[in-house]
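Novice: Sharing a structure below in structure tokens format, with a few things to ask.
Numbering (the numbering used here), first residue to last: -17 to 609.
What follows is the structure, encoded as structure tokens:
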């Protein structure tokens, strides 16, 4: 504070006044505000004015001792200054009071905030900003990587459509970044920036999760899937035609191998040539896991029947690891008599989710048998019984339909050579291996007759083995229940693939360049890390529910702009979050997420500016239950 002299002339006379002035910082820079008039201080020497100002300032700050020591005139001036500040504050408070045209108040620019806020909080919790920064990525690259990952988590789109989605959400408000000029080219370039750092980021993230969630690296699950391309992908040497799990044999594809821990967190992933056989990928993934997270003696690898070949089991044992596998059907069939008798089986008890007490769990019966150095667990699932029957009946209908077509070709004499007929029969058996084994096809070319007879004995065995599967392990220290529950955790890997391929939209891939394809898949894996972290946080609290259910619940929590035309000819815009519903408050508490998304912001605009803003309002992306 300081004292400034003001001299004014009026009516031929000169008037002197002294003002108590305070320097304040404003958005437009430093400014001086007058607290009060002190009157004419001319009797006092000018060199005393600064001392007086300091005394008044100290008194205003609450140093009452100075008031007691002051002379009468100084006390009077202090009292005057207190009154002036009080009046000024009251005036300031009334500055926020404006006359608003209530009938013209509206809300605009509604931006989905709830899922974005949850995803970003877990992005921070996993320390991804720090991990990306240590990898040498710029702040801009970190921000774009975050926004791109959140898109994959919430509403996956191509990089071409992603900028509009980003602007339609509260990402700008949450991250404090302006994305108005964001173009798809910036996102493509960011894929290139991320590409060389994928392994380092993944390794650091795995270590972070291990410490954060107290994960025990004792059991690993490995599975593989395929994802196909739109286009020829000529610039990607890994894009090959092979066995398509997506029922798109016409498209080139790549294979994605994924290793996860028992709690469901991804440990390592690898993109491989699309024409590799599943069984040929295990050794490479074991080496990758050893390089990334380290494998040690006594750990257990869980794989599905597609990789349960002797050479793969041998590769596991050579690393002094244990295994739990689902045996192939031919090995299962050797235990037919055990499955037929149903003696000695025990029922598994499965607990429904607290959020869904009416959730139906299929009945599962298991039986443990020790044979030599191996332990077998025979399993019968009531849920699989119905599934196996449905699959077999569907294939049976198609098989018999194609058999009928072949019979007509034989009757018309279109097929007469034994070799051609046998070749056609062979193709049928290859196309329908699940049911062709239960039928006997016999052709008499001379009589132009092709007969198809069911093998009743084989069909009876098939019906008995519906829902039956066989688990095999070299571990002797586990009960049947433990073996079964460990293996069922492999469904997390399958769930991860389902999440990445459908909700997280790993497929189809529109990128053609290898590095962008692999970074695209990498972002899907990052999004899955967030998904697992969210779901596991709820699991720790006994809540079994999926991210997709959570996301739908959180969608009603939004950020919007309240537009208030005032009587001064301007428009007051207030940007703030909506009031969250009680179920959202409960979810955020369970997830340990702060309820507040952002501090309200207000700004003034002219009427013309608001017309433009509303005319060019961001597109809203509506989610449906299928995403």
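Virtual Cβ for every residue (Gly too), placed ideally from N, Cα, C.
Determine the contact status of residue 179 and residue 120, defining contact as a CB-CB distance below 8 Å.
Specialist: The residue labelled residue 179 in the question sits at position 197 within the chain shown. The residue labelled residue 120 in the question sits at position 138 within the chain shown. No.
Novice: Give a yes or no on contact between the region 537 to 552 and the region 217 to 236, applying the rule of three or more CB pairs nearer than 8 Å.
Specialist: The region 537 to 552 is not in contact with the region 217 to 236.
Novice: What does the Cβ neighbour count give for residue 246, buried or exposed, with the cut at 16 atoms within 10 Å?
Specialist: Taking the chain shown and counting its residues from 1, one reaches residue 246 at position 264. Buried, since its Cβ has 16 or more Cβ neighbours within 10 Å.
Novice: Quick one: which unbroken alpha helix (DSSP H) runs of 4-plus residues sit fully inside the region 177 to 249? Chain order, please.
Specialist: Within the region 177 to 249, the complete alpha helix (DSSP H) runs of at least 4 residues are 180 to 194.
Novice: Under the DSSP definition of a beta bridge, which residues are partnered with residue -2?
Specialist: Counting from 1 along the chain shown, the entry for residue -2 is found at position 16. DSSP lists -11 as partners of residue -2.
Novice: In three-state terms, what does DSSP make of residue 469?
Specialist: Taking the chain shown and counting its residues from 1, the one referred to as residue 469 is at position 487. DSSP places residue 469 in helix when its eight states are reduced to three.
Novice: Applying the criterion that 16 or more other CB atoms from any shown protein chain within 10 Å of the CB defines a buried residue, is residue 386 buried or exposed?
Specialist: As a position in the chain shown, residue 386 is number 404, starting the count at 1. Exposed.
Novice: Between residue 596 and residue 557, what straight-line distance do the alpha-carbon atoms span, to the nearest angstrom?
Specialist: Here residue 596 refers to the residue found at position 614 when the chain shown is read from its first residue. Here residue 557 refers to the residue found at position 575 when the chain shown is read from its first residue. Note that residue 596 has pLDDT 44, beneath the 50 cutoff, so the model's placement of it is unreliable and the number below is only indicative. Cα to Cα, the separation comes out at about 14 Å.
Novice: Quick check on the DSSP output: the beta strand (DSSP E) that includes residue 622 runs from which residue to which?
Specialist: Since the displayed the chain opens at -17 and closes at 609, residue 622 lies outside it and no answer follows.
Novice: Please specify which runs of the alpha helix (DSSP H), each continuous and at least 4 residues long, are wholly inside the region 418 to 450, giving them in chain order.
Specialist: The region 418 to 450 contains these whole alpha helix (DSSP H) runs: 438 to 446.
Novice: Is residue 200 close to chain C? Criterion is C-beta to C-beta, closer than 8 Å.
Specialist: Absent from the structure: chain C. Only one protein chain is present.
Novice: Write down the C-beta distance between residue 282 and residue 251 rounded to the nearest angstrom, noting that I regard them as a contact closer than 8 Å.
Specialist: On the chain shown, position 300 is the one that residue 282 refers to. On the chain shown, position 269 is the one that residue 251 refers to. Not quite, the Cβ-Cβ distance comes to about 20 Å (not below 8 Å), so this is no contact.
Novice: My output table needs one value for residue 538: the three-state DSSP class, helix, strand or coil.
Specialist: By 1-based counting over the chain shown, the position of residue 538 is 556. Three-state result, residue 538: coil.
Novice: For residue 443 and residue 469, what's the separation of their Cα atoms in angstroms?
Specialist: Translated into the one-based positions of the chain shown, residue 443 becomes position 461. Translated into the one-based positions of the chain shown, residue 469 becomes position 487. Approximately 25 Å between the Cα atoms of the pair.
Novice: Roughly how many whole angstroms lie between the Cα atoms of residue 427 and residue 202?
Specialist: Numbered from 1 along the chain shown, position 445 holds the residue referred to as residue 427. Numbered from 1 along the chain shown, position 220 holds the residue referred to as residue 202. Rounded to the nearest angstrom, the two C-alpha atoms are 55 Å apart.
Novice: Is there contact between the region 352 to 370 and the region 433 to 443, where contact requires at least three CB pairs shorter than 8 Å?
Specialist: Contact fails: fewer than three Cβ-Cβ distances are below 8 Å.
Novice: Between residue 58 and residue 64, what straight-line distance do the alpha-carbon atoms span, to the nearest angstrom?
Specialist: Here the question's residue 58 lines up with position 76 in the chain shown. Here the question's residue 64 lines up with position 82 in the chain shown. About 10 Å.
Novice: Just verifying my parser: in three-state terms, what is the DSSP assignment at residue 518?
Specialist: Your numbering for residue 518 matches position 536 in the chain shown. Note: residue 518 maps to helix in three-state DSSP.
Novice: Identify every run of the beta strand (DSSP E) within the region 337 to 379, keeping only runs that are complete inside it and at least 3 residues long; order them along the chain.
Specialist: Taking only runs of at least 3 residues, the beta strand (DSSP E) segments lying wholly in the region 337 to 379 are 346 to 353, 356 to 363.
Novice: Fully enclosed by the region 76 to 149, which beta strand (DSSP E) runs are 3 residues long or longer?
Specialist: The qualifying runs are 88 to 94.
Novice: Should the region 290 to 306 be called in touch with the region 256 to 268, which here means at least 3 C-beta pairs below 8 Å?
Specialist: At 8 Å Cβ cutoff, the stretches touch.
Novice: Rounded to a whole number of angstroms, what is the C-alpha to C-alpha distance between residue -2 and residue 16?
Specialist: Translated into the one-based positions of the chain shown, residue -2 becomes position 16. Translated into the one-based positions of the chain shown, residue 16 becomes position 34. Cα-Cα distance, rounded: 16 Å.
Novice: For the region 181 to 191 and the region 451 to 469, state whether three or more C-beta atom pairs, one from each stretch, are separated by less than 8 Å.
Specialist: Too few Cβ pairs lie closer than 8 Å, so no.
Novice: Give the secondary structure of residue 525 by DSSP, where H, G and I count as helix, E and B as strand, and everything else as coil.
Specialist: Along the chain shown, read from residue 1 onward, the residue named residue 525 stands at position 543. Three-state DSSP puts residue 525 in coil, outside helix and strand.
Novice: Smallest Cα separation from residue 404: which of 396, 414, 424?
Specialist: Looking up residue 404 in the chain shown gives position 422. Cα-wise, what sits closest to residue 404 is 424.
Novice: Expressed to the nearest angstrom, what Euclidean distance is found between the alpha-carbon atoms of residue 101 and residue 496?
Specialist: As a first step, residue 101 is located in the chain shown; it is residue number 119 there, counting from the start. As a first step, residue 496 is located in the chain shown; it is residue number 514 there, counting from the start. Whole-angstrom Cα-Cα distance: 28 Å.
Novice: Would a C-beta distance cut-off of 8 Å place residue 536 and residue 516 closer than the cut-off?
Specialist: Here residue 536 refers to the residue found at position 554 of the chain shown. Here residue 516 refers to the residue found at position 534 of the chain shown. Their beta carbons are not under 8 Å apart, which means residue 536 does not touch residue 516 by this criterion.
Novice: The alpha helix (DSSP H) spanning residue 305 covers which residue range?
Specialist: Indexing the chain shown from 1 puts residue 305 at position 323. Per DSSP, residue 305 belongs to no alpha helix (DSSP H); it is in the beta strand (DSSP E), 304 to 308.
Novice: Give the straight-line distance between the Cα atoms of residue 606 and residue 321, rounded to the nearest whole angstrom.
Specialist: Here residue 606 is taken as the residue at index 624 of the chain shown, counted from 1. Here residue 321 is taken as the residue at index 339 of the chain shown, counted from 1. Low confidence applies to residue 606: its pLDDT is 35, below 50, so where it sits in the model is not reliable, and the reading given next is rough at best. Looking at the two C-alpha atoms, the distance is approximately 43 Å.
Novice: With residue 554 as the anchor, note down where its beta strand (DSSP E) starts and where it stops.
Specialist: Here residue 554 refers to the residue found at position 572 of the chain shown. Segment 552 to 559, the beta strand (DSSP E) holding residue 554.
Novice: Is residue 363 buried or exposed, if buried means 16 or more other CB atoms sit within 10 Å of its CB?
Specialist: Translated into the one-based positions of the chain shown, residue 363 becomes position 381. Answer is buried; the Cβ neighbour count reaches 16.
Novice: Beta strand (DSSP E) containing residue 284: first to last residue?
Specialist: The residue you call residue 284 lines up with position 302 of the chain shown. Residue 284 -> beta strand (DSSP E) spans 282 to 285.
Novice: According to DSSP, is residue 544 part of a helix, a strand, or is it coil?
Specialist: Locating residue 544 in the chain shown gives position 562, counting from the first residue. In the structure shown, residue 544 sits in a strand (DSSP, three-state: E or B).
Novice: Could you check what DSSP says for residue 151 in three-state terms: helix, strand or coil?
Specialist: Position 169 of the chain shown, counted from the first residue, corresponds to residue 151. Correct three-state label for residue 151: strand.
Novice: Check residue 295 in the structure and name its three-state DSSP category.
Specialist: In the chain shown, counting from the first residue as 1, residue 295 sits at position 313. Helix.
Novice: How many angstroms separate the CA atom of residue 143 from the CA atom of residue 165?
Specialist: Counting from one through the chain shown, the residue named residue 143 turns up at place 161. Counting from one through the chain shown, the residue named residue 165 turns up at place 183. Going by the C-alpha atoms only, they are around 9 Å apart.
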